[in-house]
Every structure is written in C-alpha cells, then in structure tokens.
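Asks: Would you mind keeping the following structure in view while I ask a few things?
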Amino acid sequence: MRRIGFAVLLTLLLAIAACAEATDDDATDDVAEPEPTPTEEIAEEPTPEPTATPVPDDEDDAIHDDDDDAVEPEDDATDDDATEDTADLSERVDTITENVVEMRGLELLEDIDLIVMTQDELRDYLEDSIELEQHEIDRDWLLRLIPDPDEDVEQMLIDLQVADVGGFYDPETGETVVVSDDDELSAMEEVFLAHEIVHALQDQHFDLGRLESLLPDGDAALSFRSMLEGDAVISQQQYAETYLDEEQQMEYQQDAMAAQQDEETMAAIEDIPSYYLETFVFPYSAGPEFMSQVVGDDLNNMDEYIENPPVSTYQVINSQAYIAGELDDPVDVEMPDLGDRLGDTWEMSEEGTFGAFTLFMILFENEATDPVVAFDGWSGDWYEFYISEDDQSLVAVSTVWEDEDQAAAYEDQLLETMADYDEEDGVWMADDRYHVVIQDGDTLNLMSSTDPDALLDAADMQ
Numbered sequence: 039m040r041r042i043g044f045a046v047l048l049t050l051l052l053a054i055a056a057c058a059e060a061t062d063d064d065a066t067d068d069v070a071e072p073e074p075t076p077t078e079e080i081a082e083e084p085t086p087e088p089t090a091t092p093v094p095d096d097e098d099d100a101i102h103d104d105d106d107d108a109v110e111p112e113d114d115a116t117d118d119d120a121t122e123d124t125a126d127l128s129e130r131v132d133t134i135t136e137n138v139v140e141m142r143g144l145e146l147l148e149d150i151d152l153i154v155m156t157q158d159e160l161r162d163y164l165e166d167s168i169e170l171e172q173h174e175i176d177r178d179w180l181l182r183l184i185p186d187p188d189e190d191v192e193q194m195l196i197d198l199q200v201a202d203v204g205g206f207y208d209p210e211t212g213e214t215v216v217v218s219d220d221d222e223l224s225a226m227e228e229v230f231l232a233h234e235i236v237h238a239l240q241d242q243h244f245d246l247g248r249l250e251s252l253l254p255d256g257d258a259a260l261s262f263r264s265m266l267e268g269d270a271v272i273s274q275q276q277y278a279e280t281y282l283d284e285e286q287q288m289e290y291q292q293d294a295m296a297a298q299q300d301e302e303t304m305a306a307i308e309d310i311p312s313y314y315l316e317t318f319v320f321p322y323s324a325g326p327e328f329m330s331q332v333v334g335d336d337l338n339n340m341d342e343y344i345e346n347p348p349v350s351t352y353q354v355i356n357s358q359a360y361i362a363g364e365l366d367d368p369v370d371v372e373m374p375d376l377g378d379r380l381g382d383t384w385e386m387s388e389e390g391t392f393g394a395f396t397l398f399m400i401l402f403e404n405e406a407t408d409p410v411v412a413f414d415g416w417s418g419d420w421y422e423f424y425i426s427e428d429d430q431s432l433v434a435v436s437t438v439w440e441d442e443d444q445a446a447a448y449e450d451q452l453l454e455t456m457a458d459y460d461e462e463d464g465v466w467m468a469d470d471r472y473h474v475v476i477q478d479g480d481t482l483n484l485m486s487s488t489d490p491d492a493l494l495d496a497a498d499m500q
C-alpha cells in the first residue's frame, strides 16, 4: 500500500491549534499534552516527484491570434508581480526555516526544497502515487477490521488526504510540500510548513528512509512514524506559540475552526472505514502523547527516541513503562509451515507484524467489552496471508503473551465478538468467513478464511 510521506493533518491538529493562543509575558513554555486516541502498519514507499506546472519560455509556447501573430502583453506587470510573489514566498520560507532550526535545535544541512500544491494538484499526485492492493483489503476484511471488501477504499483514502492533508514531506525526493490554493501562506499554512520542515530536519539528521527497511515489521514502522510525528506536532505547536503574533494567532484559530467544520473533510472522515482512519491518525495522537513525557523544556530531548525508537505500538501506548525501561522488545514468533499444510494450490501473498494496536482494533471494531486487553501483556505477533488458485483467501495470526492468563483474556474477548456466529467443531461462521481460535499456553492463534476446508488444514484440525 502506498501513501504520501510524512503529512500534516488538518483535523488532527485542530485541537493543537486551540493550544496556540497568544500567551502573556509570564506564560510558561510548557507543551500541552494531547489526549491519546486508540488508533497496521503505514508503509512508507517512494512516491513520484510532483510535476511542475509548465511555463511558456519561448515563441512556440506563446498565444497566437488568427493571423498567427503572437499576442503581446499590454505590460510586464503580471510577470513582475509573479516574480515578486515568488521572491516574497522564498524570503518567508527562509525566515520560517530559520525559526524552526533555532527552535528545534537541529542544524540545516541542506536547503529546503519547497513545492506549493493546490488541492487539485494534490489529488492528481495522490491518484498517481496511492495504490492499495486488493489482497490488503481482503486480509483486513477476513480479520473483521473492515465491513465490506468491495468498497473503493483506495478512493476513500485519496479523498481523505485531499480533504485533510495540509502538507507533507517526501523522504524519497527530499521535497517539502505545502497545500495551498493561494499565492501567500496563511498563518495555518505557515505552521503546517514548520511541521514539514521539522520532518526535513529529521531526515537530514536521522534518515527517515530507514522506515522502509523496517518492513515487513509494520508494527515497528508505525511506532517509528509515531515518534516522527510526535516530534513534528509538538514542535509545530511550539512554533505557533513562539512565532505567530497576536493577529496571526487569531487567524490561526479561525482557520482551524473553519477546517473543523469543512463538509468535504467531515464527509471523507465519515466514509472511510474506522480502522483505516484510526491507523492513519495513530502517529499524530499517540506520538505527541509519548513525546510530551520526554520533551521537558528542550526539544532535543526527543532526539533519543527518533534515533532509537520504540519497536512496537505496545511500547508506544505503554509509554511510561517503556521510558522507564520496564518493557522488553517483542519476541520472535514462529509460525507453522502453513504452505505445506495448505498445499501447492495456495501461495503466501504477504507476511509481517500487526502489533497490539491492530489486535486492539480487531476487538474494538467488533464491539468487544474490553478491547484494551490487547495492550496488557502482548509480547509479539506474526501473520501470514495466503491466496489460492481459485481466489480463496486465508490469514493466520500467531500472538504471544506474557503468560497464559493474558492469552486467555484476549481469547475471551475475541470469542465474545463471535457469540452470535454459528459454531461447529470449533469453527465460527458468519458473513462467508470462517474462524478458529486456538490457545496453547502463552500463545494464541487466530485463523480466518473464506474456505472452511483450507481453514481446517491450516489449523491442523482435519
């Protein structure tokens, strides 16, 4: 699945905007702590470079009349204005960059490569760069994370990001993008640009490209991304408090309130399956919550957790215990040879980690009474997804817990979500999906398939 780079979200940052009001001389510099939101992996993949708008630069590009004579402009005012606007924007970007560098305490090693996109250009860019594979949707549907495998989720993701993305940084190209339909940056766009400049500085000092190397450990990738967004969100907030004057603060508040009520944004949020929405926003909520506990009065305190980030969403959510050194890294999870059990007509399509966050979402999406048991005692997991020659599918998830009681607690919640399903010989059936749940000490296995016979083979229940 491809998504744009490290984006800044309008709706997620509205709450932060509320903290960016003008402060008195005796106000403290403490950073407000955002509330955590319970929110699969977000795999960062290279995206194509945006195409610049062509500008006529010779006679062949000129506008001609019926006699093929070039229409001469009445004056050079338009060109002069454009040049002046470009110069003004460049100067403002330089100032914003200097402010961010000073505030964040990271030296600028390379100039910021800024691109300003309109929303229409962003949509074109996303349509070229986002590709959601059907097997990803089928996998999530099998696990009951989404309600309908036939929905156009890819288009939903595009619509959401067009409506909700104020800018992004692409580590593949080194480009910093601000989304604006105006020639000048508003106060909110300035703050969003500051957010993306933080990502550019992170890349120059900590190499954001290593995110891709974490795959297929999607849980570790989401955790790393959470540290990056935690830094950028907190830095953005401090930028707004420090560098916006009183008039800009007011403009920022008004624009934030307007964005919160934007019908296109609200419609995009309502349409997308909540699992994808929560995954999308997890780094922007859990990340700042984590970083707020370590930042203190020096933004450089966050550097340690970007250089050596948590490697699981379990560690991100249980941040106090992780920061105190009380949490171990996830254990390696061994899977049975499912390929051998399933036979030659099946092929593994993908494998990786889900993490405690996705295990939580499986319970949450299916209305378990206590889904937070996913964040209590999780020690590791691994999944494999298979597709057959006749387009049947099967996913197997093996989870390890600190002890068998915690494995049993998750099993109880999982089976509770299937209470209304038909059951026969340990196979739970509903909506053309078949499920088995098997506990063995501290290990709990969940297998789901569209093919009941293949499910029994995979679970070694034949």
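Residue numbers (my numbering): 39 to 500. Just so you know, even glycine gets a beta-carbon here, dropped at the ideal spot from N, CA and C.
1) Below 8 Å on the Cβ atoms is my guess for VAL215 versus MET155; work out the distance and round it to an integer in Å.
2) In the structure shown, what three-state DSSP assignment does GLY325 receive?
3) Answer with buried or exposed for THR383, where buried requires no fewer than 16 other C-beta atoms within 10 angstroms of its C-beta.
4) Report yes or no: do the region 341 to 354 and the region 427 to 438 share at least 3 C-beta pairs separated by less than 8 Å?
5) Tell me which same chain residues have a C-beta within less than 6 Å of the C-beta of ALA445, skipping the five on either side of it?
6) Taking only the alpha-carbon atoms, compute the straight-line gap between GLU97 and PHE206 and give it to the nearest angstrom.
7) With a cut-off of 8 Å on the beta carbons, I'd call SER387 and ILE425 a contact; round off their distance for me.
8) With the cut-off set at 7 Å, would you say SER273 and ARG142 are in Cβ contact?
9) According to the Cβ coordinates, are MET373 and TRP420 closer than 7 Å?
10) When you compare each of ASP151, LEU315, PRO209 and LEU231 to SER218 by their alpha carbons, which one comes out closest?
11) Kindly indicate the opening and closing residues of the alpha helix (DSSP H) around ILE235.
12) Would you check if the distance between the CB atom of TRP416 and the CB atom of TYR352 is smaller than 7 Å?
13) Distance, Cα to Cα, GLU148 vs TRP179?
14) Go through its chain and collect everything with a Cβ distance to SER224's Cβ below 7 Å, but skip five positions before and after it.
15) Would you kindly report the start and end of the unbroken alpha helix (DSSP H) that includes THR383?
16) Are the beta-carbon atoms of THR303 and ASP202 separated by less than 7 Å?
17) Could you compute how far the alpha carbon of PRO185 sits from the alpha carbon of LEU282?
18) Whose C-beta lies closer than 7 Å to the C-beta of LEU170 among residues of the same chain, with five residues either side of it excluded?
19) Around the C-beta of MET499, are 16 or more other C-beta atoms found within 10 angstroms, so that it is buried, or is it exposed?
20) Hey, which unbroken runs of the alpha helix (DSSP H) at 4 residues or more fall wholly within the region 464 to 498?
21) Consult DSSP for LEU152 and reduce its assignment to one of helix, strand or coil.
22) For VAL369, is the classification buried or exposed, using 16 other Cβ atoms within 10 angstroms of its Cβ as the cut-off for buried?
23) Take every Cβ of the region 397 to 412, pair it with every Cβ of the region 332 to 341, and state whether three or more of those distances are shorter than 8 Å.
24) Nearest to ALA324 by alpha carbon, out of GLU301, LEU266 and GLN275?
25) Spell out the partners DSSP gives SER128 in its beta bridges.
26) Do ILE310 and LEU152 count as a contact pair if the criterion is CB distance below 7 Å?
27) State the Cα-Cα distance for the pair ALA394 and LEU127, rounded to the nearest angstrom.
28) State the Cα-Cα distance for the pair GLU174 and PRO254, rounded to the nearest angstrom.
29) Assign MET399 to one of two classes, buried (16 or more other C-beta atoms within 10 Å of its C-beta) or exposed (fewer than that).
30) Check each candidate in LEU432, MET456 and ASP458 and name the one with the smallest Cα separation from ASP495.
31) What is the residue span of the beta strand (DSSP E) that TYR421 lies within?
32) Run through DSSP, which three-state label would ASP501 get?
33) How big is the Cα-Cα spacing for LEU315 and LEU144?
34) Give me the Cα-Cα distance between GLU427 and ARG263, rounded to the nearest whole angstrom.
35) Since GLY247 and PRO187 are thought to touch, with beta carbons under 8 Å apart, how far apart are those beta carbons, to the nearest angstrom?
36) Let me know if ASP241 comes out buried or exposed under the rule of 16 or more other beta-carbons within 10 Å of its beta-carbon.
Replies: In brief:
1) Indeed, because the Cβ distance is near 6 Å, the residues count as touching under 8 Å.
2) For GLY325, the three-state secondary structure derived from DSSP is helix.
3) The residue is exposed, with fewer than 16 neighbouring Cβ atoms inside 10 Å.
4) As far as the Cβ criterion goes, the region 341 to 354 does not touch the region 427 to 438, which means the pair count is below three.
5) The residues are TRP439, GLN477, ASP480 and LEU482.
6) With a pLDDT of only 35 at GLU97, under the threshold of 50, the placement of this residue in the model should not be trusted; the figure read from the coordinates follows. Each residue's CA atom was taken as its position, placing GLU97 and PHE206 some 36 Å apart.
7) Contact holds; Cβ gap of about 5 Å.
8) A contact, by the Cβ cut-off of 7 Å.
9) Yes, the Cβ-Cβ distance between MET373 and TRP420 is below 7 Å.
10) When the alpha-carbon of SER218 is set against those of ASP151, LEU315, PRO209 and LEU231, the nearest one is in LEU231.
11) It spans 225 to 244 - the alpha helix (DSSP H) in which ILE235 sits, taken as one unbroken run.
12) For TRP416 and TYR352, yes; Cβs fall inside 7 Å.
13) Whole-angstrom Cα-Cα distance: 44 Å.
14) Excluding residues within five positions, the ones whose Cβ falls inside 7 Å are GLU289 and ASP293.
15) For THR383, no alpha helix (DSSP H) segment is defined, and its DSSP state is neither H nor E.
16) The answer is yes: Cβ separation under 7 Å.
17) Computed Cα separation, rounded: 44 Å.
18) Sequence-distant Cβ neighbours of LEU170 in its own chain, meaning closer than 7 Å and more than five residues away, are MET39, VAL191, GLU192 and LEU195.
19) Answer is exposed; the Cβ neighbour count stays below 16.
20) Counting only runs of 4 or more, we get 490 to 496.
21) In the three-state reduction of the DSSP assignment, LEU152 falls in the strand class.
22) That one is exposed.
23) Output reads no: the region 332 to 341 does not touch the region 397 to 412.
24) Considering only GLU301, LEU266 and GLN275, the residue with the shortest C-alpha distance to ALA324 is LEU266.
25) According to DSSP, SER128 bridges with nothing at all.
26) Not closer than 7 Å, so no.
27) ALA394 and LEU127 have their alpha carbons spaced roughly 44 Å apart.
28) Going by the C-alpha atoms only, they are around 13 Å apart.
29) It is buried - the Cβ of MET399 has at least 16 other Cβ atoms within 10 Å.
30) The shortest Cα separation from ASP495 among LEU432, MET456 and ASP458 belongs to LEU432.
31) First-last of the beta strand (DSSP E) with TYR421: 416 to 426.
32) Residue coverage of the chain in this structure runs from 39 to 500, which leaves residue 501 outside it and unanswerable.
33) LEU315 and LEU144 have their C-alpha atoms roughly 32 Å apart.
34) If I take the Cα positions, the gap works out to 36 Å.
35) Approximately 33 Å separates the beta-carbon atoms of GLY247 and PRO187; this is outside 8 Å, ruling out the contact.
36) ASP241 comes out buried.
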